[in-house]
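The structure appears below as structure tokens.
In the numbering used here, the protein residues as written are 61 to 193.
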């Protein structure tokens with residue numbers, strides 16, 4: 061069994077996909093727009109080009125995402141996604157990329173349990189923990 065995070069980005073999914081491609085090396089595995097739905101009753105006016113469902117790969121993991129209700133105000137509370145870096149350098153690169161336009165919650169630093177650990181909310185409000193053990 062796997063647990064896969066699903067991010068509801070409220071109208072910013074395309075922007076998020078490009079951001080994660082640039083900063084985490086994500087690749088798009090699947091992307092479907094609302095206009096492709098056979099049932100257009102679920103397609104709000106003006107949302108035809110918005111992302112109904114997408115799946116991106118970040119390393120060996122999948123993250124699913126959608127524009128959802130397209131309100132432009134995504135909210136993520138009480139959940140963080142964790143990235144396991146292979147090296148301190150990789151941790152610093154990922155952390156720096158995610159922090160671009162975001163907010164550092166805990167600076168990336170050496171801890172008693174890891175060579176590097178830090179927490180950052182990206183510009184979409186998604187909370188990330190980056191660790192190099």
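Where is the CB? At the ideal position from N, CA and C, for every residue including glycine. Given the structure is predicted, the values throughout are model-derived calculations rather than measurements.
Residue from 168, 183 and 173 with nearest C-alpha to residue 190: 168
Decide if the segment 112 to 127 is in contact with the segment 68 to 85; the criterion is three or more beta carbon pairs, one per stretch, under 8 Å apart. yes
For residue 93, the nearest candidate out of 152, 73, 144 and 120 (CA to CA): 73
Beta-carbon contacts of residue 131 that lie in its chain and below 6 Å, excluding the five residues immediately before and after: 70
Could you tell me the alpha carbon to alpha carbon distance between residue 75 and residue 184, rounded to whole angstroms? 9 Å
Where do the ends of the beta strand (DSSP E) carrying residue 124 lie? 121 to 126
Under three-state DSSP, which class holds residue 91? strand
Report buried or exposed for residue 173, applying the criterion of at least 16 other Cβ atoms within 10 angstroms of its Cβ. exposed
Which residues does DSSP list as the beta-bridge partners of residue 169? 177
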